[in-house]
Amino acid sequence: MIVRTKSGNYRAGNSAVLLDFLGVKKEAAGIQKVAGDVELIAAVPFLLAADVEAGQEIAAIPDGIAWTLSTFDLDRFGERIDPQGWDFKRYMENPVIEWAHRNDIPAIGKMEGLTIDDKGLHGLVFFNDKSYDPFGWAIGERVKAGVIRAGSVGFRVMEIEIPSKDDSRDGTSLIFRKQELLEFSICNVPANPFALAHKEQQPITTEQSNNYGVNAIPFWDCLINNV
Numbered sequence: 191m192i193v194r195t196k197s198g199n200y201r202a203g204n205s206a207v208l209l210d211f212l213g214v215k216k217e218a219a220g221i222q223k224v225a226g227d228v229e230l231i232a233a234v235p236f237l238l239a240a241d242v243e244a245g246q247e248i249a250a251i252p253d254g255i256a257w258t259l260s261t262f263d264l265d266r267f268g269e270r271i272d273p274q275g276w277d278f279k280r281y282m283e284n285p286v287i288e289w290a291h292r293n294d295i296p297a298i299g300k301m302e303g304l305t306i307d308d309k310g311l312h313g314l315v316f317f318n319d320k321s322y323d324p325f326g327w328a329i330g331e332r333v334k335a336g337v338i339r340a341g342s343v344g345f346r347v348m349e350i351e352i353p354s355k356d357d358s359r360d361g362t363s364l365i366f367r368k369q370e371l372l373e374f375s376i377c378n379v380p381a382n383p384f385a386l387a388h389k390e391q392q393p394i395t396t397e398q399s400n401n402y403g404v405n406a407i408p409f410w411d412c413l414i415n416n417v
């Protein structure tokens, strides 16, 4: 998880760093409201609707590509996002698709038909037409061909849960219970190595989660710097 402050700067770190930004005490387990106003960016496990074999193209459904933006899976930082906690009403008033969280360049597409179920947050991605945006169109072609398969959500957190000792045995250190979707980005390198289009999503073990946290910042550097 990384934090984008009001000044536009990025900070990456573990749950302790995040809780400090949010003004929440880690010692108090349970659900807590967040008073701060910062944007969080999380590359979370997702699946494209189509089953994908190695080398097989991803088929777009009519007029768009079905996409799962976020799931409840454990991410690299030991965090989870509750699918039922998403608020995307304001986002749908300006449902832009960005490239690698770059809000200083025009959107490469738009989102439609966002829905929530027990598995996650889902929607239809529409990439720009080649006639007026060759770059956005080309990103869409890469997605359809399976070259790019990663996505990342930017959101404002409103309520979190710090798991008890027993509930955190699976590696979960923080659960986002209520959050407002601000933007969705297509990206090359996600922070979560499982944030790819696979037939089946493999669970992340406690040991894997701990190991990923050590190398998290280089992954975010790639995402932010678009390398």
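So for the sequence shown, the numbering used here puts the first residue at 191; every next one is plus one. For each residue, glycine too, the CB sits at the ideal point set by N, CA and C.
Q.
Can you look up Ala297 in the DSSP assignment and give me helix, strand or coil?
A. Here Ala297 sits in coil by DSSP.
Q: Output the boundary residues of the alpha helix (DSSP H) element that contains Lys334.
A: It spans Pro324 to Ala335 - the alpha helix (DSSP H) in which Lys334 sits, taken as one unbroken run.
Q.
Does Gly310 come out as helix, strand or coil in the three-state DSSP assignment?
A. In the structure shown, Gly310 falls within a strand segment according to DSSP collapsed to helix, strand and coil.
Q: Put Gly146 into one of helix, strand or coil per three-state DSSP.
A: Here the chain covers residues 191 to 417 and nothing more, so residue 146 does not appear.
Q.
Do Leu371 and Asp265 count as a contact pair if the criterion is CB distance below 8 Å?
A. Taking 8 Å as the cut-off, the Cβ atoms of Asp265 and Leu371 do not count as close.
Q. Since Val166 and Phe366 are thought to touch, with beta carbons under 8 Å apart, how far apart are those beta carbons, to the nearest angstrom?
A. No answer is possible for residue 166: it lies beyond the span of the chain, which begins at 191 and ends at 417.
Q: Identify whether Gly275 lies in helix, strand or coil by the three-state DSSP scheme.
A: Looking at Gly275 - three-state DSSP - the assignment turns out to be helix.
(Q) For Ile231 and Phe325, I'd like the C-alpha separation in whole angstroms. (A) The straight-line gap from Cα to Cα measures roughly 23 Å.
(Q) Tell me the residue span of the beta strand (DSSP E) that contains Ala232. (A) Glu229 to Ala232 is the span of the beta strand (DSSP E), which, as asked, contains Ala232.
Q: Tell whether a beta-carbon distance below 8 Å holds between Ile287 and Gly299.
A: Their beta carbons are under 8 Å apart, which means Ile287 touches Gly299 by this criterion.
Q. Within 10 angstroms of its Cβ, does Val315 collect 16 or more other Cβ (buried), or is it exposed?
A. Here Val315 is buried. Its C-beta has 16 or more other C-beta atoms within 10 Å.
Q | Inter-residue spacing [alpha-carbon to alpha-carbon] between Trp327 and Lys355 | A | The straight-line gap from Cα to Cα measures roughly 47 Å.
Q: Compare the Cα-Cα distances from Glu302 to each of Asn293, Pro353 and Gly254 and report the closest residue.
A: Of the candidates Asn293, Pro353 and Gly254, the residue whose Cα lies closest to the Cα of Glu302 is Gly254.
**Q.** Nearest-angstrom Cα separation, counted from Gly330 out to Asn318
**A.** Each residue's alpha carbon lies about 8 Å from the other.
Q.
By DSSP's criteria, Ala338 is part of a beta bridge. Which residues make up the other side?
A. According to the sequence shown, residue 338 is Ile rather than Ala. Checking the DSSP bridge columns, you'll see Ile338 has no partner listed.
Q | Cβ shell of Ser321 (< 6 Å), same chain only, five flanking positions each side left out | A | Cβ within range, chain order: n/a, list empty.
Q. Are the CB atoms of Asp307 and Pro273 nearer to each other than 8 Å?
A. Yes, they are a contact pair.
Q: Give a yes or no on whether the C-beta atoms belonging to Ile350 and Ile376 are separated by under 8 Å.
A: With respect to the 8 Å criterion, Ile350 and Ile376 are not classified as neighbours on the basis of their beta carbons.
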